[in-house]
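Per numbering that gives the first Met the number 0: the sequence shown ends with 552, consecutive numbering throughout.
For glycine and all other residues, C-beta sits at the position ideal for the given N, C-alpha and C.
Because the structure is a prediction, the values reported are computed rather than measured.
A short worksheet on the structure shown next.
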Amino acid sequence: MPRQSSRQKQALEQIAEQAGAHRQQVRGTAEDLTQRVIQAADRSANPLLRRDLESLRHQCEKHLLGQNATGWVNPFPADNPKSQLLQYQLEYWHDPARFKAWLASRQVGKDFSSEGEAAEDCITHPAHRWMIAAPSERQSLDSLDQQKLWAEAFGLIVDDYQEHRDSSQALLKAAEIRYHNKSTTVAVPGRPDTVRGKSASILLTEFDFFEQPQLTWRGLLPSITNPLRGGEKKLRVVSTPNGRGRMMDKIFDESSGGIPAPSHQSNAPHTSAGLAWSRHLTNIYHAVLMGLSVDIPQIRAAMDDDTGWAQEFECQFLDTQHHLLPYEVIQLAESIDATESWDPTAHAGSAHPVYLGIDFGRTNDPTVCWTLQRIGDILWTREVLVLRDMSTPDQERLLSQRIATATRVAFDYTGPGIGLGDYLVQRHKEWHPAAHKMGKIDLCTFTVDFKRALFPRLRRSFEAPTRLRIPISRDIREDLHQMQQIITNGHYNYASPRTREGHSDRCTALALALHAAHETPGLNFAWSPLSLATATTMVDSPSTSRAKQAVGL
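Rendered as structure tokens:
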């Protein structure tokens, strides 16, 4: 081997020195990036997580969309796929806790971020296995597609993709991705029979909406227990809230036993069911203030549902609730022969009794007077009178015209309705048989017990074979559909979210009209031979007069 000249030695030493300096620079750059990521993911430094819901709402009103209100900057260079993460997404992604729960608003990228974390884990831990479970087949496959996008962005090669079904049209059993480094991810619909399987880290997306969450939880939890196959397994639970008593409610429930307000308290460690959860909360206000470009007033106006907004976007745990009248039930009573307007004076003295339900409103909500007429055993809607922004004297004039021709009237004697109710009773007399008052107007106070009698009767009136007929009207249909049956600790109540159109005022008026019809005494007929003298005596008897009045004669 020829001897090196001093110049060659010097050159080689210089090259080695430069290489060492480059390695040191790369190492220093990596360490610097690591430190910047740690700082950027530090939730204790995020002041927005210490704000209550009302202050977040107020701050969003003057916030410039697309900007971060705290001045936070993503630490990753532009050529790194994670440079597109917003602050709350990076905070969740880089939380190393084994058990993480993320309670998040709709459409803030929670699935996008969760699948990115799983894809990165598949890269850094070859031969690792993940299982994704979602409420439906579609959601499971959508989540898997999100992970595939991240894997491609990271340069992780997909070797194989398969869907397992009994036949081409059968329900999905599982879809599986196999990566080049032997990591795998399987996506399944979140059912007890599909989540049982091999050891794996688990991601449950929209877990609060699983049909059988307890049985599903029991079936999947053993999958994370074995560290001998692929190392320690992780558990991720991500969802929008879906009422009290479900999984997210239990995880985010404070030690005091109450439901936490959406505040910084929910972004803290918590122990539930023996697990040390790292809890993340991102409502729509958090997301917007951390850079998500969403026009909150526009979306809220389009939703037009305060209750839905509170749950879907503000992440509030609400009572379990159901629609009192689903669309398919409402359609059973719709008829082209039912009407929304008629002339009550033209039908005065009809042989067919008429019943009114009046839900009184003055400023925020309209007054609705619903008219039913009984023909045979069918209650037909004749008029749905809606009075908006009308003075009380003008309302009284229109309502009195209809009350005069009615057999019985059920009036909302609550709040602003008390004054008008007293005035109408002076003119048309009160119906209160227990107090020996036999007039027309039944003053109805909306207590909890009264609503528990009123609205179930409304529901029964719609059920097949229905003997109720209502107009085919989108406004009426939507108003009826808004009424909610709310279950709190096993007790039922009824309420409706307020919209621009009102507060299920048509629904309440119809329920009152049905109450009036139900409270009107019927006539029981029995045949027996009568002498001519007896029959003549009965013609003008007081009982006969009352019977005529009851049926509208």
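State the start and end residues of the unbroken alpha helix (DSSP H) segment that holds residue i.
{"i": "Ser54", "result": "Leu52 to Glu60"}
{"i": "His514", "result": "Asp504 to Glu518"}
{"i": "Cys314", "result": "Element bounds for Cys314: n/a, residue is neither H nor E."}
{"i": "Met247", "result": "Met246 to Phe251"}
{"i": "Pro582", "result": "In the structure as shown, the chain starts at 0 and stops at 552, and residue 582 therefore has no counterpart that could be examined."}
{"i": "Arg456", "result": "Val447 to Phe461"}
{"i": "Ile223", "result": "No alpha helix (DSSP H) holds Ile223; DSSP gives it neither H nor E."}
{"i": "Gly574", "result": "For residue 574 there is no data in the structure shown, the boundaries of the chain being 0 and 552."}
{"i": "Thr123", "result": "Lys109 to Thr123"}
{"i": "Arg217", "result": "Pro212 to Leu219"}
{"i": "Phe208", "result": "Unbroken run through Phe208: none, as it is neither H nor E."}
{"i": "Glu151", "result": "Glu136 to Phe153"}
At which residues does the beta strand (DSSP E) containing residue i begin and terminate?
{"i": "Cys368", "result": "Thr366 to Ile374"}
{"i": "Ile131", "result": "Arg128 to Ala133"}
{"i": "Ala186", "result": "Thr183 to Pro188"}
{"i": "Glu429", "result": "From DSSP, Glu429 is part of no beta strand (DSSP E); its letter is neither H nor E."}
{"i": "Ala100", "result": "Phe98 to Ala103"}
{"i": "Val236", "result": "Leu234 to Ser238"}
{"i": "Ser200", "result": "Ser200 to Thr204"}
Starting from the Cα of residue i, find the closest Cα among the options and give me that residue.
{"i": "Phe316", "options": "Cys368, Gly244, His279 and Leu378", "result": "Gly244"}
{"i": "Arg407", "options": "Gln394, Glu339, Glu395 and His427", "result": "His427"}
{"i": "Tyr284", "options": "Pro352, Asp31, Glu60 and Val185", "result": "Glu60"}
{"i": "Leu89", "options": "Gly70, Thr338 and Glu116", "result": "Glu116"}
{"i": "Pro125", "options": "Asp318, Ala39 and Thr183", "result": "Thr183"}
{"i": "Ile329", "options": "Met482, Gly218, Val385 and Asn225", "result": "Met482"}
{"i": "Asn180", "options": "Asp192, Ala150 and Ile122", "result": "Ile122"}
{"i": "Pro415", "options": "Arg299, Gln400, Asp364 and Gly356", "result": "Asp364"}
{"i": "Asn241", "options": "Pro134, Arg373 and Leu47", "result": "Pro134"}
{"i": "Ala68", "options": "Thr413, Asp78, Pro80 and Leu55", "result": "Leu55"}
{"i": "Trp216", "options": "Arg228, Pro188, Leu419 and Ser292", "result": "Pro188"}
{"i": "Gly356", "options": "Gln310, Val367 and Glu333", "result": "Val367"}
{"i": "Thr239", "options": "Phe209, Cys314 and Ile201", "result": "Cys314"}
{"i": "Thr391", "options": "Trp369, Ala152 and Leu419", "result": "Leu419"}
{"i": "Thr404", "options": "Tyr354, Gln394, Asp441 and His435", "result": "Tyr354"}
{"i": "Ile469", "options": "Thr370, Asp305 and Ala103", "result": "Thr370"}
{"i": "Gln213", "options": "Ala199, Asp192 and Lys197", "result": "Asp192"}
{"i": "Ser222", "options": "Thr204, Lys233 and Ser198", "result": "Ser198"}
{"i": "Asp78", "options": "Asp41, Gly154, Ala337 and Ala508", "result": "Gly154"}
{"i": "Thr204", "options": "Ala345, Leu148, Pro95 and Arg137", "result": "Arg137"}
Please classify residue i as buried or exposed, where buried requires at least 16 neighbouring CB atoms within 10 angstroms.
{"i": "Ser43", "result": "exposed"}
{"i": "Ser5", "result": "exposed"}
{"i": "Phe524", "result": "Note that Phe524 scores 35 on pLDDT, short of 50, meaning its location in the model is unreliable and no value can be drawn from it."}
{"i": "Lys439", "result": "buried"}
{"i": "Glu114", "result": "buried"}
{"i": "Ile156", "result": "exposed"}
{"i": "Trp526", "result": "Reliability fails at Trp526, whose pLDDT of 37 lies under 50, so the model's placement of it is uncertain and the value that follows must be treated cautiously. Counting Cβ neighbours within 10 Å, Trp526 comes out exposed, since fewer than 16 surround it."}
{"i": "Val194", "result": "buried"}
{"i": "Gln161", "result": "exposed"}
{"i": "Met247", "result": "buried"}
{"i": "Phe410", "result": "buried"}
{"i": "Thr146", "result": "Note that residue 146 corresponds to Gln in the displayed sequence, not to Thr. Classification of Gln146: buried, given that the 10 Å Cβ count is 16 or more."}
{"i": "His321", "result": "exposed"}
{"i": "Pro226", "result": "exposed"}
{"i": "Ala301", "result": "exposed"}
{"i": "Ile131", "result": "buried"}
{"i": "Gln514", "result": "Contrary to the premise, residue 514 reads as His rather than Gln in this sequence. Buried."}
{"i": "Gln548", "result": "Unreliable placement is indicated for Gln548, whose pLDDT of 46 sits below 50; no coordinate value is reported for it."}
{"i": "Glu30", "result": "exposed"}
{"i": "Ile374", "result": "exposed"}
{"i": "Pro425", "result": "Note on identity: in this sequence residue 425 is Gln, with Pro being the wrong assignment. Result: exposed."}
{"i": "Ile335", "result": "exposed"}
{"i": "Asp388", "result": "exposed"}
{"i": "Gln394", "result": "buried"}
{"i": "Tyr491", "result": "exposed"}
Tell me, please, which residues DSSP counts as bridged to residue i.
{"i": "Gly356", "result": "Trp369 and Ala409"}
{"i": "Trp379", "result": "Gln372 and Arg468"}
{"i": "Ala494", "result": "Gln483"}
{"i": "Asp441", "result": "Ala409"}
{"i": "Leu386", "result": "Thr366"}
{"i": "His321", "result": "Gln484"}
{"i": "Ala173", "result": "His163"}
{"i": "Lys436", "result": "His431"}
{"i": "Asn67", "result": "Met289"}
{"i": "Tyr326", "result": "Partner(s): none; Tyr326 has no beta bridge."}
{"i": "Tyr178", "result": "Val157"}
Is residue i close to the ligand ADP? I mean its beta-carbon at under 7 Å from any heavy atom of the ligand.
{"i": "Arg137", "result": "What this structure holds is no ligand at all, so the ligand ADP is not there to describe."}
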